[in-house]
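First comes the structure, then the notes that go with it.
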Amino acid sequence: MRLWKKILLALLAVILLAQIPFIYRRYQYGQIAGKINNLQIQKIETVNQNFNDYQGVIHVHTAIGGHSTGNFDELIDGAAKSNLDFVVMTEHTAELYDTSELTLRDVHNGVLFVGGQEVETTTDRFLLVPGMTEAGKANKIQSAEFLQNVHSQNKLAFITYPEKHNTWDTDFDGIEVFSLHTNAKKMNPFLAFFDAIWSFYSYPELVLVNYFNRPDENLRKFDEVTTQRKSTLFAGSDAHSNIGFHLFGDDAGNKFLNIKIDRYETIFRTVRTHVLLETGKALTQENLLTALKNGHSFVGVDVLSDTRGFTFTAVNEKEQKIMGDEIILTENLVLKAAAPQTARFVIFKNGEKISEESNVSQISFQTREKGTYRTEVYLDALGAPFDKMPWIISNPIYVK
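If you're matching positions, the sequence shown starts at 920 in our numbering and goes up one per residue.
Rendered as structure tokens:
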């Protein structure tokens, strides 16, 4: 046998052997999928008589604002198939026209769409909801002036990409503590490439969530902010529907062998923001934005198990408050959390872990100190890495 043939055979053997770990990883994804199915069967049904839980996504783009190839039909279909109740659009701005007026709004196929924008000031980037005409010129003004203008029009501005944010002393409404897009950029490209080859077709959402990490620094900064004043945390999808490849195509959108990794449906099934509205209140743009401003919401990694039914409340002899609310410290004040799965609950006070309880579906914690309290819930039963990445992240309750 000639030398070049021997070298070629040896190279092929090395390539084949290198695939063994990824074949095994595909088996592991199947095992995790089986555990998740079992969790769904064992789900603990909870009924909240005072609030309805609406699940949706925030930070979504289409071709309207550039940086995306997604169209409205694709977006509506992906939101409906993912069983979403709302989608907050955040199109990139343009100086000569209002992208929020052109994007998807109102109810389509049973899903509420809200038209917002991703806006850059001289120093920072925000998600503006709803959008406004002058947002395209915000890059010429400072964040404080931009936020003053936003609030004068009864709009909300949330910090996006907090790791790049500069002006923390401004009057923003909340922080995108988890970004799927930012997390994806931290993936090991070698592992992600072969995971995509072997496992993505069968387990697309699990391949993505397997690379999730707890947003330690963003949560630390949020906890620092909320020891001084109220704010809202949420998860951002930063969905663009623009990652993939095709062999041939034209400008009319006709493509041959078109493979898209970040389909709206895939992204929308991973991480969601759940909003609680009082029973009897309809899911409208006004009610949704009011609930988000008030922090009546939580983050759920729903691909691991449906988080609907989670509650975090503060109860004393006179009243009961939910996430985002303030309550007066009394002798018998108790914090309560409940989830639709047996899990591990961690309670934080001013960013410091003060209580942890495993293998339970609900906890009660009597507090005797003022402070800002929130909780995280972990599905340790799924094993690594999900014992490190929270399944649920609540907004705080402020004990005064």
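Using N, Cα and C, we set each Cβ at its ideal position, and we do this for glycine too.
None of these values were measured; they are calculated from a predicted model.
Would you grab the beta carbon distance between T1192 and V976 for me? Rounded to a whole angstrom, and I think it's under 8 Å.
-> 7 Å
Length of the line joining the Cα atoms of K1059 and D1004 | 36 Å
Considering only C-alpha positions, which residue in the set A1115, R1133, P1134 is nearest to L1125?
-> A1115
If you count every other CB in all the chains shown that lies within 10 Å of the CB of R945, and 16 or more means buried, which is it?
-> buried
Is there contact here, the stretch 1279-1295 with the stretch 1197-1210, by at least three beta-carbon pairs under 8 Å?
-> no
Sub-8 Å separation of F1045 and F1091 beta-carbons | yes
With DSSP as the reference, please indicate the residues paired to R1191 in a beta bridge.
-> G1219
Which of helix, strand or coil does DSSP assign to Y1130?
-> coil
Could you check if V1128 is buried or exposed, using at least 16 other CB atoms within 10 Å of its CB as the buried criterion?
-> buried
E964 versus V1265 - alpha carbon distance = 21 Å
Which residues in the same chain as L931 place their Cβ atom closer than 6 Å to its Cβ, once the five residues preceding and following it in sequence are excluded?
-> none
Cβ shell of D1299 (< 6 Å), same chain only, five flanking positions each side left out | R1263, D1306
Three-state secondary structure assigned by DSSP to H1165 = The predicted model places H1165 with a pLDDT of 48, which falls under 50 and marks its position as unreliable; any figure quoted below should be read in that light. H1165 falls in the coil class under three-state DSSP.
Assuming Y1130 and A1111 form a contact by the criterion Cβ under 8 Å, report the distance between their Cβ atoms to the nearest whole angstrom.
-> 7 Å
Rounded to whole angstroms, how far is the Cβ of S1062 from the Cβ of D1043, which I believe are closer than 8 Å?
-> 5 Å
Using a Cβ-Cβ cut-off of 6 Å (strictly less than) and excluding sequence neighbours within five positions of K962, which residues of its own chain qualify?
-> P1259
Would you tell me roughly how many angstroms separate the C-alpha atoms of N971 and G1243, rounded to the nearest one?
-> 16 Å
Pair every Cβ in the stretch 982-998 with every Cβ in the stretch 951-960, then say whether three or more of these pairs are closer than 8 Å.
-> no
Do L1031 and K1074 have their C-beta atoms within less than 8 Å of each other?
-> no
DSSP puts H1011 in a beta bridge; with which residues?
-> E1037
Kindly provide the ranges of any beta strand (DSSP E) runs that are 3 or more residues long and lie completely inside the stretch 947-1000, ordered along the chain.
-> 970-979
Quick one: grab the DSSP three-state call for P940.
-> helix
Give a yes or no on whether the C-beta atoms belonging to L1099 and S1156 are separated by under 8 Å.
-> yes
Out of A982, M1308, D996, state which residue places its alpha-carbon closest to the alpha-carbon of V1218.
-> M1308
State the Cα-Cα distance for the pair L935 and A998, rounded to the nearest angstrom.
-> 39 Å
Beta strand (DSSP E) runs wholly inside the stretch 1236-1286, at least 3 long, in chain order = 1239-1241, 1253-1268, 1271-1285
Using a Cβ-Cβ cut-off of 8 Å (strictly less than) and excluding sequence neighbours within five positions of L1023, which residues of its own chain qualify?
-> T981, F991, L994, I995, V1006, M1008, F1032, G1034
Residues in its own chain within less than 6 Å of F1231 by CB, not counting five upstream and five downstream?
-> M1242, A1256, T1294, S1313
Return the residue from the list K1056, F1109, T1040, S1001 that minimises the CA-CA distance to Y973.
-> S1001
Contact set for T1089: own chain, Cβ-Cβ below 7 Å, skip 5 residues either direction = S1062, A1063, L1066
Contacts around E1197, its chain only, beta-carbon distance under 7 Å, and the 5 residues preceding and following it disregarded = N969, F970
W1310 beta carbon less than 8 Å from that of S1224 = yes
Mind checking L1138: buried by the 16 CB within 10 Å criterion, or exposed?
-> buried
Best match in G953, Q938, E1276, H986 for proximity to V1222 [C-alpha to C-alpha] | G953
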